[in-house]
Every structure is written in C-alpha cells, then in structure tokens.
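Here the protein sequences come in this chain order: P and E. Heads up: the first sequence begins at 533 in my numbering, then just goes up one per residue. Heads up: the second sequence begins at 533 in my numbering, then just goes up one per residue.
There are 2 protein chains.
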Amino acid sequence: MGISKIDKMQNLSKNQQIIFDLINKSPEPLKAYTILFNVQKKGIKAPLQVYRALDKLVEIGKIHKIESRNAFIACHNSSCQVAKATAFSICEICEKVTEISSAGLSKYLANFKDKDGMKYSKYNLEFFGLCKKCR
Amino acid sequence: MGISKIDKMQNLSKNQQIIFDLINKSPEPLKAYTILFNVQKKGIKAPLQVYRALDKLVEIGKIHKIESRNAFIACHNSSCQVAKATAFSICEICEKVTEISSAGLSKYLANFKDKDGMKYSKYNLEFFGLCKKCR
DNA sequence: AACACTATGTAATAATATAACATTTATAAG
DNA sequence: CTTATAAATGTTATATTATTACATAGTGTT
C-alpha cells in the first residue's frame, strides 16, 4: 500500500498535530503564548516550537492568523487548502471571530484588479462590527 | 473668532505632528521603533510616546496600520476621515505598499452582508502579490 | 479660577516573534 | 537497506512590538 503524496500532506508532525488539535477545539482564536502554556504538559517547552508549528499550519491552510489580533483559528472552510483567500468577521466587543465563506465575496476579491490592472495572488479581509449577542 | 471644533480636530499636537510628518514623507510603511529612532533627535525618547501618537493618528484617519507588517503609512485618500474602510496592496518581494482607492471595491465591501444579514461598521483588506517592478 | 479633557514624560515590564546552532526523524532514490 | 536530502525538533538567547502605571503639564470651557 504505502502512503500517497496526498495522504502525506494531510499528516501533521507531532508538534503540529498537538497544536492544531488545541486550536481546532477552541471556540475562539488562540494566541501563541496561550498555546504554549496549554501544550507545555505535552512536552512543548519553547516559543519557537509553537511558532514553527503555527507557520507550517498556516502555510498548508489548516489554520489562519487573525492579523489584527495576533491570534490563530482553525480553518473551517473545507476548500481551503492554502491560506490564500481569507475573510473574517470580528466582534469588537466579545472578540468572537468567524470565518466568512461567501462565494460572491471570494469571487469578487479573487477577480479584483486595481487601477493598473494588477491582480493579486492572495488576500486577507477582516470585517469589524458587533455580533448578534453584542448588539 | 476662536478655533472651531472642526479646526481643532485637524490640529495635531507636537508629538503627533512630528510623527505624522515622518510617516507622511516616507515612501514605505514605517515601524514603531524605526519611527522612535528617527524622532529621538526631536526629543521623543520613549516607545510609549510613539505609540500614543500612532494610536491617535490612526483614530483620526491620518495614518493606517498595515496589520500584516506592523507598520504605518500615511493616508492618501482625501475622503478618509476615519480608519473605517481600508484596502492595501502589498508586494511580497519589495514590500511596497499602496493604498487602494476603488469606488467599486469600497461600495461592494461597505454593503457586504454575511449569511446572517449582518453588516459591518469597518473593514481592512490586504492584497498580496508582486508589484510592477518585481514581476 | 476651577474644571474637564487631552497630551506629555518616564520607568518598568509584558507580549510577540526570530536568530543561531545542534540534533533527530522522515522521505525518496539508488 | 543504505545513503542522501529535506523536514522537524530541541534549546538558549535575544530581538521586536506593545502596554501598565503613575506623575506632570498644557488646552479649552465655564
């Protein structure tokens, strides 16, 4: 049998898996040092170990970084193999973050050209407002 | 005569003016500690003095923060009184950043509603790609 | 003058992220 | 299966980004 290339790309290393599991089960974005604190019992002791796993997880699209918050959430968009087109809504009161998946929005942004006719390979969009609960 | 409320809001304090001038004449986004280094000869000695001025300048829309780079650029969009609707293109090689002003884009995003019909009061969009020179 | 508000100055420290180097583990090719 | 290569790990130290806390000074209004 053996492991195909596709299978392999889905296999995370030990540290990557530990950190992904933590982020994936969190209802809210996690910060790097919060992650570090929470995985110390699993043997991950240093910031760099966390940042390396985060970098890789972002690279392969398993998680996204919320830039305005320096925090990370799991990708819940099944089509998201790479971190190249992301959109989030962020509640300015409770800090709840939701990944937006709107075909219309992603189509509009993927096709957006600036004045010079330049198209872009990647984007990140963060919307801010008040969530249902906080309104 | 006196100074009206509108006039007052356009007047920057000493530190704010020094820091705005520096950012405004820079061809590229400046980081907080780069700013600090460059204004020390003008008597601004501590990080907090820089961050306070930056906070205010962002609040009144004179500058914008490029979240993915932790850097600041002057707003060149005359209609931008507040930092509530921003879009940038970022070259991944030379790190050149340009503020995008597209009526179509801002209209689309200002009117965007998510699945729950929620509208947002603010957004920030960062496009990534290669600029003309770097292609 | 009294008040409220905004801005400043200063020191200390918190929070976020990377550099450098040694070692180990996983994968693919011969 | 062994050798070459790439990917991941471990560890220490340090760089970068940002805030807390507290004291003081300026500005505009009443």
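In this text, a Cβ means the ideal position worked out from N, Cα and C, and glycines have one as well.
Does DSSP put I538 of chain P in a helix, in a strand, or in coil?
-> Model confidence at I538 of chain P stands at a pLDDT of 36, short of 50, so the residue's coordinates are unreliable; what they give is reported in the following sentence. Of the three classes helix, strand and coil, the one that applies to I538 of chain P here is helix, per DSSP.
Of the residues P:L589, P:I592, P:I555, which one's Cα is nearest the Cα of N570 of chain P?
-> P:I555
Starting from G661 of chain E, find everything on chain P with Cβ-Cβ shorter than 8 Å and list it in chain order.
-> M650, K651, Y652, S653, K654
Can you have a look at V614 of chain P and say buried or exposed, based on whether 16 or more other CB atoms are within 10 angstroms of its CB?
-> By the 10 Å Cβ count, V614 of chain P comes out exposed.
Using only alpha-carbon positions, find the residue among E:K651, E:K588, E:I551, E:E658 that is nearest to K616 of chain P.
-> E:E658
Find out if the Cβ-Cβ distance for the pair K594 of chain E, C607 of chain E is shorter than 8 Å.
-> In this structure, C607 of chain E lies closer than 8 Å to K594 of chain E by Cβ.
N602 of chain P - DSSP class collapsed to helix/strand/coil = coil
How big is the Cα-Cα spacing for K651 of chain E and F660 of chain P?
-> 9 Å
Would you check whether the ligand MG has a heavy atom nearer than 7 Å to the C-beta of I605 of chain E?
-> Only the bare structure without any ligand can be found here, which leaves the ligand MG out of the picture.
Minimum Cβ-Cβ distance from I592 of chain E to chain P less than 8 Å | no
Please report the residue range of the beta strand (DSSP E) in which E591 of chain E lies.
-> Note, E591 of chain E: premise wrong, no beta strand (DSSP E); alpha helix (DSSP H) at 579-591.
So A619 of chain P packs on I605 of chain P, CB below 8 Å; how close in whole Å?
-> The Cβ separation is near 12 Å, so there is no contact.
Beta-carbon contacts of K563 of chain E that lie in its chain and below 7 Å, excluding the five residues immediately before and after = N602, A603
Report the residue from E:K588, E:T566, E:S558 whose alpha carbon sits nearest the alpha carbon of K546 of chain E.
-> E:K588
Beta bridge counterpart(s) of I617 of chain E as assigned by DSSP | Here residue 617 of chain E is Ala; the residue named in the question, Ile, does not match the sequence. DSSP lists E:Y655 as partners of A617 of chain E.
Does any C-beta atom of chain P lie closer than 8 Å to the C-beta of S558 of chain E?
-> no
What is the residue span of the alpha helix (DSSP H) that F641 of chain E lies within?
-> Inspection of the sequence shows that residue 641 of chain E is occupied by Leu rather than by Phe. That run of the alpha helix (DSSP H) goes 635-642.
Would you kindly work out how many angstroms separate the C-alpha atoms of N643 of chain P and S653 of chain P, rounded to a whole number?
-> 10 Å
Answer with yes or no whether the minimum CB distance from L657 of chain P to chain E is below 8 Å.
-> Any Cβ of chain E closer than 8 Å to the Cβ of L657 of chain P would place that residue at the interface, and such an atom is present.
Own chain partners of P579 of chain E with C-beta closer than 8 Å, once the 5 adjacent residues on each side are dropped = A564, Y565, L568
For L662 of chain E, three-class secondary structure by DSSP = coil
Which one or two residues does DSSP pair with H596 of chain P in a beta bridge?
-> P:I605
How many Å lie between K557 of chain E and L586 of chain E at the Cα?
-> 15 Å
Which residues in the same chain as E599 of chain E place their Cβ atom closer than 8 Å to its Cβ, once the five residues preceding and following it in sequence are excluded?
-> N656, E658
Using the C-alpha atoms, what's the distance from I551 of chain P back to C623 of chain P?
-> One alpha carbon belongs to C623 of chain P, the other to I551 of chain P, and they sit about 25 Å apart.
Please determine, among P:K647, P:E627, P:K645, P:L641, the residue with the shortest C-alpha to C-alpha distance to C663 of chain P.
-> Of the candidates P:K647, P:E627, P:K645, P:L641, the one whose C-alpha sits nearest the C-alpha of C663 of chain P is P:E627.
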